[in-house]
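Protein chains in written order, with full-length UniProt numbering: chain A, 1 to 319; chain B, 1 to 319; chain C, 1 to 319; chain D, 1 to 319.
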């Protein structure tokens, strides 16, 4: 009698669907996700709820766009849903195509379906190439492109990510129609609370923090927790807490890993200062850029200072 | 022969139309605008272009929402269009109604048209009262409500501001369907560059500033320009400059008026520090709350110090 | 046969002699010193060398005067002699008498012996009461008073601490001749390096620190190590390092004990920042005033933050 | 008939005498003082009183020593005598000789007269070369050297500045007996309040300032007035105000001139912050070292910012 080889557990990844979205392109960058279940969902709240409630092992969500800034729904969801942790970061170029039903020509297009953000990012191209077009706002670019085929959309063409062409028989009317060729969207992979992945030297720590009270200098004091440990912030965004105008929480990306001494010390200072800190995770940066910092904030300086303090308290001679 | 009385010049105000929007409700709060021309436009860019190019004398635009945060398109437009100045601030409660064609009953509604932001703000009410509804995304709440009447919309009902009922014969299905009764939107009235209105003691100064370089502590140093003069910030929002991830400009509302000594001094410091500062204006706060500050930052302290310095340089005895 | 009771070891205390000095008055405040050997020495360097080289168990030295400021020879000696630790602090009022050979009257006095510092502190009284006097500078007040009796001094009278009268048969010509009745001198008891006495809630920590380099803001950054942990400094004095004009070390007294969490954290920060820190000791304040600090810097806030950090790193749910 | 040439008014300079002191060596560095009256006095208080009361036009006083630090009597006198201003700075090497009555040999010396500070600075040489000597404390080195000749001193030799040999027939027993060949004393020339000499680019500004209250961070805030304008401090010394332990005023030397924009701005900030600021003067540095500062604090940056602010207030287009 032979034993069957053990089947590795199948994992599930939620992402903003349908197939062909930029989010799917981000998920395609995750080696561990290959060959596992990819679960398309309709919005970021659904994606994160899948993780919290155990339907998925992780969710890929857009968190920042180089042109539009922070994705506020994602930031707000991370601020209010406990039990989550970012475990990876991925960058996807924002690269749009114009698609239509097979046989359509560019000169036939008068009504263009697009999500308002995508529409705004292609407006220069559209104004030059389709000066007389009208815009049909859509909740999802990919869904409206699919709608061209199944008859649920009245539009003549749709703006879409290039990935759509791998999934549907659409006519490609134009490529690279985005106004900014450098545009990029930043995605994060979110899992349930877990120990952070090991430091790589090229890490990022994501946080959300509230200020103790609305007085001149509170934000300043919060930022000093990082500056006085030589830590650079790559993102600082304010989001309304929602209870009153002028009350904000801050979304922070800091260079370094929670297991770096200077970051651990900064987090301690932040925790002591702030009435509410959410640690979203320490994880490798998408760009793999090694974090630079002044020598005086290196791990061994922290370790040496602790040894020195210990000797002082015990009455040993100073080192 | 009699001379006719001189007719005062007629002024034009641009606002996000059509009639019935929250922006129109903000414009209705401006006494000087009564009896003048109100020009509805389709977006904030158009409204500001009207002012810059002389078609309008001023434009009313939404700048911040207590739930969604800064209106990024408005912030970005103010950051990139020169020649504008904020001259007033107005608050409008975010108060939604559900409207339909005459004769419609709530139980008949299955497809609800709404701008995605408005939809999100009414989601709890909709889930409880119309659990089986579907959402038809719209570019404008008021336009989709009007579309119910002229046959251009397939929806059964639309979410709209209450002002819509003053302009159109729609059936009111439900009032106050917003999830947060405290929600409020902040609007500003924008004119061409002009001298700021006189200080009232309850003023606000709006600015946009860039940081000199991406090093630990640059933002901190910018904020110190305000904190070291006893100036509180009621808004600090980051917006991507758009050229690369991690490069931001900051949108700032500071308590006080450019003619307050401490604010003038802070602006000088900010100008010396920042590679780019845009002064958007000093104007009375919508809430008319008197600005409080430590006595040591009062105007006479600044004036006295200047007198002292002048005496030192001229060799007069110290005062 | 009876066993003799064990004799406790006899301890030796060095102090600036001879008997009758303010330093002796400070040593008289030390309960543990009663009944032990008091060793008079000629200067602070000798007193500290006694301790370092084992001739004494501790030395009492003057460290600060409310009128003259820091005693620079004491500060410099502590900065350069390793192996010492301050274990207690004592205050002695600066209260001078004018003494002479028995039988002398005030009107007989024309030449007054005094250490220059004491002379300066009594100058107003001398000008009013002995307008025609001349000053004979002395290296020690008590020695010159004694010199009146043994014939080694040509002076008619000497300025001295009141304690002189307990040791020598001198004529008291006048009491309380110091110009400032509030004047006080601060003394410290110095032992070999040992564990600090236990915290009492009314403690002081003495330090000497150098700055990393001579740039704008280095001192500021050093002071922030304390301010950002809610620690008040009761003394900050600069002393030349001696190698070049403009190079200083700083003598610091900070409120609190090295075993207070906020002080330990500040010392760690100081050690990481400064090229050279000398911890002189944590010990009870002479005035027994309880140290006040903002609640946010209390020990439990530090402990809680460490627990929080530990949970984050291990992947436990946030507390 | 011829008119006589007009005689220029004769000026008087007070200095710590008698002839031969280091202070006289400092005064000899002042070109304007040559050929005018040099008035020896016994102490710094007398020198400054001469100026205040009009007996002298200026006084040369020692203000800092590279080994002993600030001359506290001079600092305290400047802090409490109004109507004075520093107009120049001079450096004199601290270079001691050992002198005696003619015919004396080094091996004859057993009692050495010296001011305690000078004695301390030669202690190593004395210990090596005259191991059995005794010390006779003196109020003035030069006076005790002179006393060797006129019979008022019992000493065998005296420590003195080399200048003594130009004025008196003394035997030179040894040269350069100071322990630190780099030692230097800094002197300042003090006049009545007058306009500062014109900026040279190599200037220094001297100040005395008190802190507003004894709270954590007050000193920090004072130092920020300089650091935030790119101004380096070459001297920061604390001196007790004298009313209670722990209450200090600060003696400050800052790089730059009151007519430099950044310094003027710092002085304004300091005046607004501090309950008491004494401006002691802006004057050329003795070492003529050009003051370096970041380009962002140059005069034209300040002027440009003021022009910008003026345009904003008047409603002109932004520059």
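Backbone N, C-alpha and C fix where the C-beta goes; we use that ideal spot for every residue, glycine too.
**Item:** Contacts that residue 68 of chain B makes with chain A (C-beta to C-beta distance below 8 Å)
**Value:** Those within 8 Å of residue 68 of chain B in chain A are 72, 240.
**Item:** Opposing strand residues paired with residue 41 of chain A [DSSP bridges]
**Value:** Per DSSP, A:16.
**Message:** Here's the rule: buried if 16 or more other CB atoms are within 10 angstroms of the residue's CB, otherwise exposed. What is residue 10 of chain C?
**Reply:** Classification of residue 10 of chain C: exposed, given that the 10 Å Cβ count is below 16.
**Request:** Measure how close the beta-carbons of residue 142 of chain A and residue 21 of chain A come, nearest whole angstrom, since I'm counting them as under 8 Å.
**Result:** 5 Å
**Message:** For residue 316 of chain C and residue 70 of chain C, I'd like the C-alpha separation in whole angstroms.
**Reply:** Spanning the alpha carbons of residue 316 of chain C and residue 70 of chain C requires a straight line of approximately 52 Å.
**Prompt:** To the nearest whole angstrom, what separates the beta carbons of residue 231 of chain C and residue 255 of chain C, a pair I think is in contact under 8 Å?
**Reply:** 6 Å
**Asked** Can you tell which of B:244, B:118, B:175 has its C-alpha closest to the C-alpha of residue 185 of chain B?
**Response** B:118
**Asked** Tell me which same chain residues have a C-beta within less than 6 Å of the C-beta of residue 147 of chain B, skipping the five on either side of it?
**Response** 153
**Asked** Does the beta carbon of residue 46 of chain B sit closer than 8 Å to a beta carbon anywhere in chain A?
**Response** no
**Asked** Which class does residue 302 of chain B belong to by DSSP, given the choice of helix, strand or coil?
**Response** helix
**Message:** Does the CB of residue 251 of chain D have a neighbour CB from chain B at under 8 Å?
**Reply:** no
**Message:** For the pair the segment 258-276 of chain D and the segment 92-101 of chain D, tell me if three or more CB-CB distances fall below 8 Å.
**Reply:** no
**Item:** Beta carbon proximity, residue 162 of chain B to chain D, threshold 8 Å
**Value:** no
**Item:** Short Cβ contact (8 Å threshold) for residue 262 of chain B with residue 84 of chain B
**Value:** In this structure, residue 84 of chain B does not lie closer than 8 Å to residue 262 of chain B by Cβ.
**Asked** Who are the near neighbours of residue 135 of chain D in its chain, counting only those whose CB is closer than 7 Å to its CB and skipping five residues on each side?
**Response** 112, 114, 119
**Pairwise C-alpha distance: residue 240 of chain C and residue 235 of chain B** = C-alpha separation (whole angstroms): 46 Å.
**Message:** Could you check whether the Cβ of residue 264 of chain B sits closer than 8 Å to any Cβ belonging to chain A?
**Reply:** With 8 Å as the cut-off, residue 264 of chain B does not count as an interface residue toward chain A.
**Message:** Please classify residue 50 of chain D as buried or exposed, where buried requires at least 16 other C-beta atoms within 10 Å of its C-beta.
**Reply:** Residue 50 of chain D comes out buried.
**Item:** Beta-carbon spacing of residue 313 of chain A, residue 258 of chain C below 8 Å
**Value:** yes
**Message:** If we define contact as Cβ-Cβ less than 8 Å, is residue 83 of chain D a contact residue for chain B?
**Reply:** yes
**Prompt:** What does residue 284 of chain D pair with, by DSSP beta-bridge criteria?
**Reply:** D:203
**Prompt:** List, in order along the chain, the chain C residues whose C-beta lies closer than 9 Å to that of residue 51 of chain D?
**Reply:** Result: empty, since nearest Cβ-Cβ is about 20 Å, beyond 9 Å.
**Asked** Can you give the beta carbon distance from residue 86 of chain D to residue 74 of chain D, rounded, assuming they're within the 8 Å contact cut?
**Response** In fact, because the Cβ distance is near 11 Å, the residues do not count as touching under 8 Å.
**Request:** Check whether the Cβ atoms of residue 225 of chain B and residue 264 of chain B sit closer than 8 Å, and answer yes or no.
**Result:** Going by C-beta atoms, residue 225 of chain B is not nearer than 8 Å to residue 264 of chain B.
**Any chain C beta carbon closer than 8 Å to residue 210 of chain A** = no
**Asked** Would the beta-carbon of residue 123 of chain D fall within 8 Å of that of residue 173 of chain D?
**Response** no
**Request:** Measure from the alpha carbon of residue 281 of chain C to the alpha carbon of each residue in C:40, C:178, C:297, C:79, then state which is nearest.
**Result:** C:79
**Message:** Rounded to the nearest angstrom, what separates residue 286 of chain B and residue 237 of chain C at their Cα positions?
**Reply:** Rounded to the nearest angstrom, the two C-alpha atoms are 51 Å apart.
**Asked** Can you pull the DSSP bridge partners for residue 65 of chain A?
**Response** Residue 65 of chain A is bridged to A:69, A:185.
**Asked** Is it the case that the Cβ atoms of residue 169 of chain A and residue 102 of chain A are separated by a distance below 8 Å?
**Response** A contact, by the Cβ cut-off of 8 Å.
**Prompt:** Along the chain, where does the beta strand (DSSP E) that runs through residue 250 of chain C open and close?
**Reply:** In the DSSP annotation of this structure, the continuous segment of the beta strand (DSSP E) that includes residue 250 of chain C starts and ends at 248-255.
**Prompt:** In the DSSP assignment, what residue or residues form a beta bridge with residue 174 of chain B?
**Reply:** B:98
**Message:** Could you tell me which whole alpha helix (DSSP H) segments of length 4 or greater appear in the segment 93-170 of chain C?
**Reply:** 116-121, 123-129, 141-150
**Request:** On the DSSP bridge assignment, give the partners of residue 240 of chain C in chain order.
**Result:** C:248
**Message:** Output needed for residue 179 of chain D: all residues of its chain with C-beta closer than 8 Å, excluding positions within five of it in sequence on either side, in chain order.
**Reply:** 121, 122, 123, 124, 125
**Message:** Taking a contact to mean a Cβ-Cβ separation below 8 Å, would you say residue 150 of chain B touches residue 110 of chain B in this structure?
**Reply:** Result no, Cβ atoms of residue 150 of chain B and residue 110 of chain B do not sit closer than 8 Å.
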